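Letter 14 of the sequence shown, counting from 1, is numbered 1211 in the numbering used here, and no numbers are missing. Contents: one structure, followed by commentary.
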Amino acid sequence: MPAPLAGLLDTAWHRRAALHSALHTTAYRLINRAADGFPDLAVDRYGDALVAHVYSEGAIVAPPMGSLRALAERAGARSVYVKYRPAQANTLDDAARRALAPPAPILGQPVEAVTALENGLRFEIRPGDGLNPGLFLDMREARAWLRSVSAGKTVLNTFAYTCGFGVAALAGGAARALNLDISRRILDWGAHNYTLNGLQPVKTDFVAGDVFDWLRRFARRGQRFDIVILDPPSFSTTRQSRFSVERDMAGLVALAAQVTQPGGWLIAATNQHQLTLRAFRARVTEGLAGVQGRIVRALHEPEIDFPVAAGAQPYLKMLLCQIAPPAPRTTSRRSPQRG
Ligand SMILES: C[S@@+](CC[C@H](N)C(=O)[O-])C[C@H]1O[C@@H](n2cnc3c(N)ncnc32)[C@H](O)[C@@H]1O
């Protein structure tokens, strides 16, 4: 391997030293594109399996085998899988998806599943199963935050995927986490993550359906949650709805705000690179107008393994919003009675 590449890999490896030695976390990013000197490559570690994301706008190109081999050796990985990232995933059919996410590794032995750890929580990773292997690593700090505020709360986890937020909430002592996703298969994967963490999956807490449809149903029934998580894909098309973050986020936030308890949290996230933090804030602020909600804080991808390239901005935008508490009851003052 050319010396400059070896130097870049070395620097990237040392930057993450605290993660390499963390006993409770075995899932994190090893290479983060331009910030680590590899503009078209990201590599994630899930225990002893590596997943390399090649940013080729959906073209099948030659992966950087020398760098991947060196990284696998250093990490003691059993296998390396590759995903060729498309510009937009929701329009792909099954055959295209399979071509972009080959089920067999490009290096090492096939691994059907590996259990990865994040802050002591266990998640099943399926490295050869589609474009996303089971856990979005850039949400690590968001899951930790949710865990820290969940005690005794009811949580609605929309666009739940493999229920990472549901697991984090229950680990933090949530009274209930309801996971909602369009894919039953993905929710079953989430239920498996529950069992890996000693949590009992309750059938009614894994709802397969369209988020827009269900938010309206909850609103009609007057059902509310203390914490609502909204982390939609940038684009989504289901039988019932068609969504783009850029166009429809304000409406989605307004719907979700109706099912968030007064005084509760509404969490709005997007990983869309093209949408600036300012533009995303504007959409969320618009959605919150009807409930007098306010954005309290923004979270981004973790700095240690998702460094941001010089001149760029964090791509992950997660806004923690608080809905106005119930108005204090006014006690009507009686005028003193005349004697
Ligand atoms: C970006 S992932 C969400 C990641 C998740 N919040 C996490 O941190 O693990 C998007 C998920 O939304 C689901 N989805 C997309 N459109 C949907 C819709 N209209 N209603 C329900 N789920 C939807 C997909 O099946 C997918 O699991």
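Every residue gets a Cβ at the ideal spot worked out from N, C-alpha and C, and that includes glycine. Since the model is a prediction, treat every value here as computed from it, not as a measurement.
Just the C-alpha distance for alanine 1284 and glycine 1255, rounded to the nearest angstrom, thanks. Approximately 6 Å between the Cα atoms of the pair.
If you compare alpha carbons, which of Met1262, Ile1520, Phe1432 is closest to glycine 1484? Ile1520
Residue ranges of each alpha helix (DSSP H) within the stretch 1331–1376, 4 or longer: 1337–1346, 1361–1368
For a minimum of 4 consecutive residues, which ranges assigned as the alpha helix (DSSP H) are wholly contained in the stretch 1248–1283? 1262–1272
For the 8 Å Cβ check, are there 3 or more pairs between the stretch 1430–1443 and the stretch 1367–1374? no
Kindly list the residues whose CB is nearer than 6 Å to the CB of histidine 1250, restricted to its own chain and excluding five residues on each side of it in sequence; keep chain order. These residues qualify, in order along the chain: Ala1239, Lys1280, Arg1282.
Alanine 1310 to proline 1523 span [Cα, whole Å]: 47 Å
Just to confirm the assignment: which complete alpha helix (DSSP H) runs, minimum length 4, are found wholly within the stretch 1440–1495? 1442–1454, 1474–1485
Pair within 8 Å by beta-carbon distance, valine 1450 and alanine 1466: No, Cβ-Cβ distance for valine 1450 and alanine 1466 is not below 8 Å.
Would you report the Cα separation of arginine 1535 and glycine 1460, rounded to the nearest angstrom? For arginine 1535, the predicted structure reports a pLDDT of 46, less than 50, and the residue's modelled location is therefore unreliable. The matter cannot be settled from this model.
Compare the C-alpha of alanine 1447 against each of Asn1468, Gly1487, Phe1422 and name the closest. Looking from the CA of alanine 1447, the closest CA among Asn1468, Gly1487, Phe1422 belongs to Gly1487.
Using the C-alpha atoms, what's the distance from threonine 1355 back to alanine 1341? 18 Å
Under the three-state DSSP convention, the category serine 1431 falls into: coil
Quick check: does the Cβ of threonine 1401 come within less than 7 Å of any heavy atom belonging to ligand 1? no
Relative to the alpha-carbon of glutamate 1338, which residue among Lys1514, Gln1469, Thr1527, Cys1518 has its alpha-carbon at the smallest distance? Lys1514
What residue range does the alpha helix (DSSP H) around aspartate 1291 cover? 1291–1297
What is the DSSP secondary structure of isoleucine 1383, counted as helix, strand or coil? helix
By Cβ distance, which residues of its chain are closer than 8 Å to glycine 1327, with the 5 residues on each side in sequence left out? Arg1294, Ala1298
Return helix, strand or coil for phenylalanine 1320, following the three-state DSSP convention. strand
Whose CA, out of Gly1363, Ala1416, Asp1402, lies closest to the CA of isoleucine 1426? Gly1363
First through last residue of the beta strand (DSSP E) which encompasses leucine 1227: 1224–1229
Could you have a look at proline 1533 and say whether DSSP puts it in helix, strand or coil? Because proline 1533 carries a pLDDT of 48, less than 50, the predicted location of this residue cannot be relied on, and the following value inherits that uncertainty. Proline 1533 falls in the coil class under three-state DSSP.
Quick one: what does DSSP say proline 1300 is sitting in, helix, strand or coil? coil
Can you round the beta-carbon distance between leucine 1232 and proline 1504 to whole angstroms, since I take them to be within the 8 Å contact cut? The sequence shown places alanine at residue 1232, rather than the leucine named in the question. Their Cβ separation, rounded to whole angstroms, is 4 Å, which keeps alanine 1232 and proline 1504 in contact under 8 Å.
Is the closest heavy atom of ligand 1 to the C-beta of valine 1408 under 7 Å? yes
DSSP has alanine 1239 in a bridge; who is on the other side? For alanine 1239, which the question treats as bridged, DSSP gives the partners Asn1229, His1250.
Taking 7 Å as the cut-off, does the CB of isoleucine 1379 come closer than this to any heavy atom belonging to ligand 1? yes
Proximal residues to aspartate 1502 (C-beta, below 7 Å), its chain only, five neighbours per side dropped: Arg1213, Leu1216, Tyr1225, Arg1226, Asn1229
Selected residue, minimal CA-CA separation from cysteine 1518, among Ala1479, Gln1471, Ala1506, Trp1462: Trp1462
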